[in-house]
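Visitor:
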Amino acid sequence: MPCESERGAGGGHRSALGPAFSMLMLVGLWAGLSGSALAQDLVWDQVLDGVEAAVWTPGPRCQDDVPPVYVVRADPAKVRFSTYHFRQEQLAEPLTIQEWHRRTRASVLFNAGLFRENFAYLGLLFKDGRSLGSKRHPQWLGLFVAEPLDPGLRKARVLDLTVDPFSETQPAYLEAAQSLMLLDRTGKIRVRQSGKRAYQTVVGEDGAGQILVMKTVEPAGLWALADCLRSDYPAVRQAMAMDGGSSSDLLIGEELLAGAEPRSGPRSWEALVEGGKGEHIPLPAVIGLVPRK
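Just so we're aligned: 586 in our numbering is position 156 of the sequence shown, and the numbers increase by one with no gaps anywhere.
(1) Just the Cα atoms here: how many angstroms apart are T526 and H710?
(2) Counting only the same chain and skipping the five closest in sequence on each side, list residues whose C-beta sits under 6 angstroms from that of W699.
(3) Looking at C-alpha atoms only, which residue of R697, E704 and S564 is the closest neighbour of L472?
(4) Give the straight-line distance between the Cα atoms of L591 and V575, rounded to the nearest whole angstrom.
(5) Which stretch, first to last residue, makes up the beta strand (DSSP E) that contains T631?
(6) I want to know whether the stretch 631 to 640 touches the stretch 591 to 600 - three or more CB-CB distances under 8 angstroms.
(7) The alpha helix (DSSP H) with W653 in it runs from where to where?
(8) The beta strand (DSSP E) spanning Q608 covers which residue range?
(9) Please report how far the alpha carbon of W530 lies from the alpha carbon of G706, in whole angstroms.
(10) Just list the beta strand (DSSP E) runs in the stretch 538 to 562, keeping only unbroken ones of 3 residues or longer that don't cross its boundaries, in chain order.
(11) Is W530 helix, strand or coil when you go by DSSP?
(12) Per DSSP, what kind of secondary structure is D580 in: helix, strand or coil?
(13) If you count every other CB in all the chains shown that lies within 10 Å of the CB of L719, and 16 or more means buried, which is it?
(14) On the three-state DSSP scale, how would you describe G462?
(15) Given this structure, state the Cα-to-Cα distance separating R584 from D505, to the nearest angstrom.
(16) What is the DSSP secondary structure of S512, reduced to helix, strand or coil?
(17) From which residue to which residue does the beta strand (DSSP E) around D590 run?
(18) Would you list, in sequence order, the uninterrupted beta strand (DSSP E) runs of no fewer than 3 residues that lie entirely inside the stretch 470 to 506?
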């Protein structure tokens with residue numbers, strides 16, 4: 431199977447954060463972190479039962495190519511993932527991630543995959559077991575799925591459609607969103623080096639079955655990011671890339687700050703609260719997580 435192409439759309443989007451804010455945030459992150467660290471050395475803050483947040487600074491091997499990365503780690507046994515599309519919500523136009531938060535009250539939200547100029551989703555998109563009208567993309571072979579019909583299946587995971595089956599007529603999961611496969615379970619990078627850099631959103635799973643949602647603080651190339659995950663974040667079993675550029679967005683609800691573990695000084699991930707202060711474009715599709723009842 432040929433490698434999937436690194437998408438061109440991400441490199442052409444506008445910055446997801448204003449340039450001044452991005453520079454200040456990046457300087458603060460580098461100053462606040464005492465050098466780079468392998469992922470196993472990350473200091474996690476619990477923001478919700480089953481949800482933790484951290485900032486990962488890649489090691490010297492890839493520091494020149496990959497900036498710090500926000501990471502939200504979620505336990506699917508404790509939180510539920512749901513997909514949202516503005517047309518399924520009977521909205522006239524897409525919403526910004528802050529508007530999606532106000533509408534859905536999801537504790538954490540992140541952007542889904544790619545979409546056309548008319549905001550039609552590119553690839554499979556399922557909600558509550560129903561297709562939202564998208565067809566399977568033949569080259570994008572990553573599929574994030576959640577909420578299985580069979581209680582014996584993992585509650586959320588990343589599927590590699592080259593090896594993992596998924597029936598569109600009888601889906602085994604209620605929620606699904608297709609996008610690019612980035613790094614597979616054999617350690618193979620599934621995108622090409624293109625030289626393009628953009629803000630990136632990545633969804634992965636670790637060996638313990640937890641879901642990792644990542645967003646780069648600054649633009650990065652997809653191949654370099656995948657290579658760095660492979661070398662410096664070995665817990666990542668496999669990962670897929672969602673839409674990038676100005677569509678790359680990750681929000682932690684402001685209400686979660688009150689429940690976060692006490693600590694002195696600001697948390698490095700607090701720029702994600704309410705989506706930060708930068709520029710946010712409307713997103714036709716997002717994925718949210720909420721506590722299980």
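Backbone N, C-alpha and C fix where the C-beta goes; we use that ideal spot for every residue, glycine too.
Guide: Quick look at the numbers:
(1) The residue you call residue 526 lines up with position 96 of the sequence shown. The residue you call residue 710 lines up with position 280 of the sequence shown. When rounded, the distance between both Cα atoms is 6 angstroms.
(2) Taking the first residue of the sequence shown as 1, we reach residue 699 at position 269. Shown here for W699: same chain residues with a beta carbon closer than 6 angstroms to its own, the five before and five after excluded, namely A483, V485 and Y500 in chain order.
(3) Within the sequence shown, residue 472 is the residue found at index 42, counting from 1. Residue R697 is the option with its Cα nearest to L472.
(4) Numbered from 1 along the sequence shown, position 161 holds the residue referred to as residue 591. Numbered from 1 along the sequence shown, position 145 holds the residue referred to as residue 575. Their Cα atoms are separated by approximately 12 angstroms.
(5) For the purposes of this step, residue 631 is taken as the residue at position 201 of the sequence shown. Counting along the chain, the unbroken beta strand (DSSP E) around T631 starts and ends at T631 to D636.
(6) Cβ pair count under 8 angstroms is below three, so no.
(7) Your numbering for residue 653 matches position 223 in the sequence shown. L652 to D662 is the span of the alpha helix (DSSP H), which, as asked, contains W653.
(8) Stepping through the sequence shown from its first residue, residue 608 is reached at position 178. From DSSP, the beta strand (DSSP E) with Q608 extends over Y603 to L613.
(9) Here residue 530 corresponds to residue number 100 of the sequence shown, with the count starting at 1. Here residue 706 corresponds to residue number 276 of the sequence shown, with the count starting at 1. Distance from the CA atom of W530 to the CA atom of G706, rounded to whole angstroms, is 14 angstroms.
(10) If we require 3 residues or more, the beta strand (DSSP E) runs fully inside the stretch 538 to 562 come out as 538 to 541 and 555 to 557.
(11) Here residue 530 is taken as the residue at index 100 of the sequence shown, counted from 1. Residue state, collapsed to three classes: helix.
(12) Within the sequence shown, the letter at position 150 stands for residue 580. Note: D580 maps to coil in three-state DSSP.
(13) As a first step, residue 719 must be located in the sequence shown, where it is residue number 289. By the 10 Å Cβ count, L719 comes out buried.
(14) Along the sequence shown, read from residue 1 onward, the residue named residue 462 stands at position 32. Note that G462 scores 40 on pLDDT, short of 50, meaning its location in the model is unreliable and no value can be drawn from it.
(15) As a working mapping, residue 584 is identified with position 154 in the sequence shown. As a working mapping, residue 505 is identified with position 75 in the sequence shown. Cα to Cα, R584 sits roughly 11 angstroms from D505.
(16) Locating residue 512 in the sequence shown gives position 82, where the first residue counts as 1. Strand, per DSSP.
(17) Taking the sequence shown and counting its residues from 1, one reaches residue 590 at position 160. For D590, the enclosing beta strand (DSSP E) has its first and last residue at A586 to D590.
(18) Counting whole runs of 3 or more residues, the stretch 470 to 506 contains the beta strand (DSSP E) stretches 475 to 478, 481 to 486 and 499 to 504.
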